[in-house]
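Visitor: Just so you know, the protein sequences line up as chains A and B, in that order. The letter at position 36 of the first sequence is residue 65 when you use the numbering used here, and the numbering goes up by one with no holes. The letter at position 147 of the second sequence is residue 150 when you use the numbering used here, and the numbering goes up by one with no holes. Glycine included, each C-beta is placed from N, C-alpha and C at the ideal position.
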Amino acid sequence: MGSTSSTLLKIPNVEVLMQETGFSPAHMIRLHDRFKALDKEGRGHLCPQDFGAIKELAMNPIGDRIIGAFFCPGKETVDFHTFVKILAHFRPVDKNRPKEPNSPEPINSRSNKLRFAFQLYDQDKDGKISRDELLKVLQAMLGMQVTEEQLESIADRTIQEADLDRDDAISFEEFRKSLEKVNIDHKMSIRFLR
Amino acid sequence: MESYLFPFDSLICMLLGISFTVWFTLLLVFIIVPAIFGVSFGIRRLYMKSLIKLFEWATLRMERGAKEKNQHLYKPYSNGIIAKEPLSLEQEIQDMRRGGAEPEFDMSDIFYFCRRGVESIVDDEVTKRFTAEELESWNLLTRSNYNFHHISTQLTALWGVGVLIRYGFLLPLRVTLAFTGVGLLVVLTSIVGLFPNGRMKSYLSDKVHLMCYRICVRALTAIITYHDRENKPKNGGICVANHTSPIDVIILASDGCYAMVGQVHGGLIGVIQRAMVKACPHIWFERSEVKDRHLVAKRLSDHVADKSKLPILIFPEGTCINNTSVMMFKKGSFEIGCTVYPVAIKYDPRFGDAFWNSSKFGMVNYLLHMMSSWAIVCSVWYLPPMSRMEGEDAVQFANRVKAAIARKGGLADLLWDGGLKRGKVKEVFKEEQQKLYSKVLVGRSRHVISVHSKCHQ
Chain A
30 MGSTSSTLLK
40 IPNVEVLMQE
50 TGFSPAHMIR
60 LHDRFKALDK
70 EGRGHLCPQD
80 FGAIKELAMN
90 PIGDRIIGAF
100 FCPGKETVDF
110 HTFVKILAHF
120 RPVDKNRPKE
130 PNSPEPINSR
140 SNKLRFAFQL
150 YDQDKDGKIS
160 RDELLKVLQA
170 MLGMQVTEEQ
180 LESIADRTIQ
190 EADLDRDDAI
200 SFEEFRKSLE
210 KVNIDHKMSI
220 RFLR
Chain B
4 MESYLFPFDS
14 LICMLLGISF
24 TVWFTLLLVF
34 IIVPAIFGVS
44 FGIRRLYMKS
54 LIKLFEWATL
64 RMERGAKEKN
74 QHLYKPYSNG
84 IIAKEPLSLE
94 QEIQDMRRGG
104 AEPEFDMSDI
114 FYFCRRGVES
124 IVDDEVTKRF
134 TAEELESWNL
144 LTRSNYNFHH
154 ISTQLTALWG
164 VGVLIRYGFL
174 LPLRVTLAFT
184 GVGLLVVLTS
194 IVGLFPNGRM
204 KSYLSDKVHL
214 MCYRICVRAL
224 TAIITYHDRE
234 NKPKNGGICV
244 ANHTSPIDVI
254 ILASDGCYAM
264 VGQVHGGLIG
274 VIQRAMVKAC
284 PHIWFERSEV
294 KDRHLVAKRL
304 SDHVADKSKL
314 PILIFPEGTC
324 INNTSVMMFK
334 KGSFEIGCTV
344 YPVAIKYDPR
354 FGDAFWNSSK
364 FGMVNYLLHM
374 MSSWAIVCSV
384 WYLPPMSRME
394 GEDAVQFANR
404 VKAAIARKGG
414 LADLLWDGGL
424 KRGKVKEVFK
434 EEQQKLYSKV
444 LVGRSRHVIS
454 VHSKCHQ
C-alpha cells in the first residue's frame with residue numbers, strides 16, 4: 030500500500046495533468062503503471078508497436094485507427110501526457126461540474142467524445158467524412174462478409190440520411206446532428222474504478 | 004491423582020477413535036465411492052455457490068461500511084483498472100439502435116469497437132463487474148495469496164477464519180485424498196498390467212484411470228463444467244488443449260481416457276509413469292529421445308495409426324516449467340496428419356488460484372497452494388474435430404487450431420509467438436469480429452440491403 034503522494038511525484042507535471050483531464054490521483058497512478066507496462070523497453074514513450082502488442086486491440090477491426098488517434102500527425106511516439114489526455118476522452122461526463130463561462134470545455138464533454146469518433150472516420154483530417162472514408166470504415170468493420178455492392182449501398186444510404194447540405198460528405202455538425210439521440214456518454218465512456 | 008485421570012483418558016481415546024472412524028466413513032461415502040462410479044452428489048457445486056454468495060455479501064457489506072468512515076488509499080495489488088461490460092456485440096449494437104427498427108448500419112456502431120479498443124489499451128485483463136472497493140475484498144477472500152494487507156478489522160477477521168478453515172480442515176482432507184488417488188493409481192494399474200492384452204484389460208485400465216483421476220479432481224475441489232461432450236476425442240486422433248496450469252491433465256483425464264505424452268522422470272512421478280504404462284500404452288520419452296524430432300514424430304504417428312490405442316493428449320505450448328518462454332510450440336504434433344480434437348479449458352477468474360507463478364514457486368509449493376485454496380472452477384469445451392486442409396502447412400494448421408481454442412476459451416488465453424506468422428492469426432480474429440458484426444447487420448436485413456441496391460441501380 031503506502032501513500033499516493035510519493036508515487037505521484039514521480040510523474041512529471043501531474044498536477045496540471047489532473048486539472049486538465051479530471052483524473053483522480055489514484056487513476057493517474059494506475060494509468061502510469063499501465064503506461065510503464067506497455068512501454069516494455071522502458072524508453073519513456075510508446076510507439077505503434079507497443080500498442081500493436083495488445084492482443085485485443087490487434088483483433089479489433091478498427092484497431093489501427095484507434096492506435097493512430099494517439100499519435101499526433103508527424104509524431105512517432107506518445108508520451109505519458111498525450112496518453113492520458115487521449116484516454117481522458119473516455120471518462121464519463123461529470124454531471125456535477127459547475128459551468129464556468131471562461132473555462133475550456135472538458136476533454137470528456139459530449140462534443141469532444143463525438144469529435145474523437147469523428148476523427149476515426151475522417152482520416153485525412155479535412156473536417157468531412159467523404160464517401161470513400163466511410164467505405165473504408167465499413168470495409169474494416171465488415172471485411173469479406175459483405176459484397177462490394179452491399180457496402181456501397183450502405184455507404185450511400187448513410188450519407189443520404191446524414192448529409193443535410195448535399196455536398197456528398199458528412200461534416201462534423203451533420204455527424205453530431207445524426208447522433209443527437211444516442212447516449213454518447215454511455216457508449217463512449219469507460220468506467221474507471223477508483 | 005493418576006487414577007482420577009484414567010477414565011477421562013479412555014473416554015478421550017474413544018471419542019477420538021469414533022471421530023476418526025466417522026471422518027473416514029464420510030470421506031469414503033461422499034468422495035471416494037462417487038469417484039469410483041463417476042457420479043456426483045452435487046456437493047461441490049453447492050459449496051461453490053454458497054461460497055460465492057457468502058463472499059459477495061461480505062464484500063459489499065464491509066466495503067460499504069468502510070467507505071462511510073474513511074477515504075480509501077490506492078491499493079497497488081488490485082487486478083483491474085476498469086470495469087468491463089460483458090455484453091456481447093449483438094446486444095451492444097441493439098442497445099444503440101434508435102427506435103429499435105431493423106438493424107442497419109449506423110454511424111454510432113463505431114462506438115462499440117472504439118470503446119472496446121480503448122478499454123483494451125487501458126486494461127486487457129478480464130475483470131469482474133465490481134467497483135474497485137468490492138474487487139479488493141473479493142480478491143482478499145477468494146484468493147489464498149500472499150499479499151495480505153489490512154482493509155478493515157471485520158475483513159481481516161473473516162480472512163483469518165478462512166485461513167483456518169483452509170489450512171486446518173481443507174488442506175489435510177485434500178492431501179489425504181491426493182495420496183489415496185495417486186496410491187490407488189499406482190497399485191491398480193500395476194495389477195491391471197498383469198492381465199493379458201485384450202479388451203478386458205483396456206476396459207479395466209480405462210475404469211482404473213478414470214477413477215483415480217476423479218479422486219484427484221476431488222482432492223483439488225475442482226468444479227468442472229464440460230460442454231459439447233459429443234465432440235470428445237476418439238481413438239486414432241490427437242487431443243490438443245491450451246495449457247494454463249499443470250492440473251490441466253487431471254481435468255481432462257477425469258472425463259475421458261487419453262494416452263499421455265511426456266518425458267520420463269525420476270522419483271515419484273517416474274513410479275507413476277511406469278505403473279501407468281503397464282495398464283495401457285502411454286508415450287514416455289527418454290531425455291535423449293526428446294531432442295530427436297523424427298523419433299518423436301514416428302512414435303506419435305505409430306500410436307495414432309493403431310486404432311485400438313487411446314487418443315494422445317498434447318499441450319502444444321509444452322509443459323514448460325520455465326514460463327518465461329511463453330510458447331514452445333510443438334508443431335510436430337500437427338505434422339502427423341491425423342484428426343485433431345481441440346479442447347479449450349478456461350478457469351473462472353473469480354477463484355483465481357489456478358495460475359502458476361513458476362518463477363517464484365516450485366511444483367510442490369504450487370500444489371500445496373492449490374490445495375489450500377477454496378476451489379478451482381473451470382469450464383472445458385470440446386471443439387469439433389479439425390484436419391489439415393489442402394495447401395496448409397503445419398504452422399498454419401496449428402495457428403488455426405490455436406485460434407479456434409482461444410476463441411472458445413476466451414481472448415485471455417491467446418498466446419503470441421514471435422516466430423510464427425503473426426499476421427495470419429490476427430486476420431483470423433479480425434474476421435471473427437467482422438462476421439459477428441455483419442450477422443447483426445446483414446444477416447437479418449438482407450432483403451433491406453438488396454432492395455436498396457436495386458433502387459440505386
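(1) Do the CB positions of B/Pro-284 and B/Tyr-344 come within less than 8 angstroms of each other?
(2) By the criterion of Cβ-Cβ separation under 8 angstroms, what are the contact partners of B/Arg-119 in chain A?
(3) In chain B, which residues lie less than 8 angstroms from A/Thr-111 when you measure between Cβ atoms?
(4) Can you tell me whether A/Lys-216 is buried or exposed, with buried defined as 16 or more other CB within 10 angstroms of its CB?
(5) Between which residues of its own chain and B/Gly-20 is the CB-CB distance below 6 angstroms, once the five residues before and five after are set aside?
(6) Nearest by alpha-carbon distance to B/Ile-250: which of B/Lys-405, B/Arg-169, B/Leu-173, B/Ile-226 is it?
(7) Kindly indicate which three-state DSSP category B/Lys-405 falls into: helix, strand or coil?
(8) Going along chain A in order, which residues have a C-beta closer than 8 angstroms to the C-beta of B/Gln-276?
(9) Given that a residue counts as buried once 16 or more other Cβ atoms are within 10 Å of its Cβ, and exposed if not, what is B/Cys-242?
(10) DSSP beta-bridge partners for B/Tyr-344?
(11) In chain order, what residues of the same chain lie with their CB nearer than 7 angstroms to the CB of B/Arg-221, ignoring the 5 residues before and after it?
(12) Any residues in the segment 182–214 of chain A with a beta carbon nearer than 9 angstroms to a beta carbon of chain D? Which ones, in chain order?
(13) In this structure, how does DSSP classify B/Met-392 when only helix, strand and coil are distinguished?
(14) Is there a Cβ from chain B that is less than 8 angstroms from the Cβ of A/Val-122?
(15) If you run the structure through DSSP and keep just helix, strand and coil, what is B/Met-279?
(16) Taking the alpha carbon of B/Thr-247 as the point to measure from, which residue in B/Leu-14, B/Leu-187, B/Tyr-350 has its own alpha carbon closest?
(17) Closer than 8 angstroms, CB to CB, is B/Pro-438 near chain A or not?
(18) Does A/Ala-146 have its Cβ less than 8 angstroms from a Cβ in chain B?
(19) Mind checking B/Thr-24: buried by the 16 CB within 10 Å criterion, or exposed?
(20) Return the chain-ordered list of same chain residues with a C-beta closer than 8 angstroms to the C-beta of B/Val-274, the five sequence neighbours on each side being excluded.
(21) Take A/Glu-49 and list the residues in its own chain whose beta-carbon comes closer than 8 angstroms to its own, dropping the five residues that flank it on each side.
(22) Report buried or exposed for B/Tyr-206, applying the criterion of at least 16 other Cβ atoms within 10 angstroms of its Cβ.
(23) Listing by chain order, which chain B residues have their CB less than 8 angstroms from the CB of A/Leu-167?
(24) In angstroms with no decimal places, state the Cα-to-Cα distance between B/Ser-193 and B/His-268.
(25) Between B/Met-366 and the rest of its own chain, which residues show a CB-CB distance below 6 angstroms, the 5 nearest in sequence each way excluded?
(26) Would you call B/Trp-60 buried or exposed, if buried means 16 or more other Cβ atoms sit within 10 Å of its Cβ?
(27) Do three or more CB pairs link the segment 165–183 of chain A to the segment 195–214 of chain A at distances below 8 angstroms?
(28) Taking only runs that begin and end inside the segment 31–78 of chain A, name each unbroken beta strand (DSSP E) of 3 or more residues, in chain order.
(29) Quick one: list the residues of chain A neighbouring B/Val-125, beta-carbon separation under 9 angstroms, in chain order.
(30) In the structure shown, what three-state DSSP assignment does B/Arg-169 receive?
(31) At the level of alpha carbons, what is the spacing between A/Leu-60 and A/Gln-148?
(32) Figure out for me which residue from A/Ser-200, A/Lys-65, A/Asp-62, A/Phe-100 has the closest Cα to the Cα of A/Ser-159.
(33) Taking all protein chains shown into account, decide if B/Gly-390 is buried (16 or more other Cβ within 10 angstroms of its Cβ) or exposed.
(34) Determine the DSSP secondary structure at B/Cys-381, reduced to helix, strand or coil.
Guide: Short version:
(1) Contact: no.
(2) Contacts between B/Arg-119 and chain A, judged by CB atoms closer than 8 angstroms, involve Glu-85, Asn-89 in chain order.
(3) Neighbourhood of A/Thr-111 in chain B, by CB distance below 8 angstroms: empty, with the nearest CB roughly 13 angstroms away.
(4) A/Lys-216 should be labelled buried.
(5) Excluding its 5 nearest sequence neighbours in each direction, B/Gly-20 has no C-beta neighbour in its own chain below 6 angstroms.
(6) B/Ile-250 has its Cα closest to that of B/Ile-226, out of B/Lys-405, B/Arg-169, B/Leu-173, B/Ile-226.
(7) DSSP places B/Lys-405 in helix when its eight states are reduced to three.
(8) Ordered by position in chain A, no residue passes the 8 angstroms Cβ test against B/Gln-276, which lies about 36 angstroms from the chain.
(9) B/Cys-242 comes out buried.
(10) As DSSP reads the structure, B/Tyr-344 sits in a beta bridge with B/Cys-242.
(11) Ile-34, Ala-38, Leu-180, listed in sequence order.
(12) Annotation note: the requested chain D is absent from the structure, which comprises protein chains A and B.
(13) Looking at B/Met-392 - three-state DSSP - the assignment turns out to be coil, as it is neither helix nor strand.
(14) No, A/Val-122 lies away from the interface with chain B (no Cβ there is under 8 angstroms from its Cβ).
(15) The answer is helix: DSSP assigns B/Met-279 an H, G or I state.
(16) Nearest option by C-alpha distance: B/Tyr-350.
(17) Note that residue 438 of chain B is Lys in the sequence shown here, rather than Pro. Interface criterion met: the Cβ of B/Lys-438 is under 8 angstroms from a Cβ in chain A.
(18) Yes - at least one Cβ of chain B is within 8 angstroms of the one on A/Ala-146.
(19) With fewer than 16 Cβ atoms within 10 Å of its Cβ, B/Thr-24 is classed as exposed.
(20) Excluding positions up to five away in sequence, the list reads Val-189.
(21) Here the set comprises Lys-114, Ala-117, Ile-136.
(22) Counting Cβ neighbours within 10 Å, B/Tyr-206 comes out exposed, since fewer than 16 surround it.
(23) Per Cβ cutoff of 8 angstroms: Phe-108.
(24) When rounded, the distance between both Cα atoms is 18 angstroms.
(25) Counting only residues of its own chain and dropping the five nearest sequence neighbours on each side, B/Met-366 has no CB closer than 6 angstroms to any other CB.
(26) The residue in question, B/Trp-60, is exposed, as its Cβ has fewer than 16 Cβ neighbours within 10 Å.
(27) Touching, no.
(28) Taking only runs of at least 3 residues, no beta strand (DSSP E) segment lies wholly in the segment 31–78 of chain A.
(29) Within chain A, the residues Arg-59, Leu-60, Arg-63, Leu-116, Phe-119, Ile-219, Phe-221 have their CB atoms less than 9 angstroms from the CB of B/Val-125, given in chain order.
(30) Looking at B/Arg-169 - three-state DSSP - the assignment turns out to be helix.
(31) Going from the Cα of A/Leu-60 to the Cα of A/Gln-148 covers about 23 angstroms.
(32) Comparing Cα-Cα distances from A/Ser-159 to each of A/Ser-200, A/Lys-65, A/Asp-62, A/Phe-100, the minimum goes to A/Ser-200.
(33) Here residue 390 of chain B is Ser; the residue named in the question, Gly, does not match the sequence. It counts as exposed.
(34) In the structure shown, B/Cys-381 sits in a strand (DSSP, three-state: E or B).
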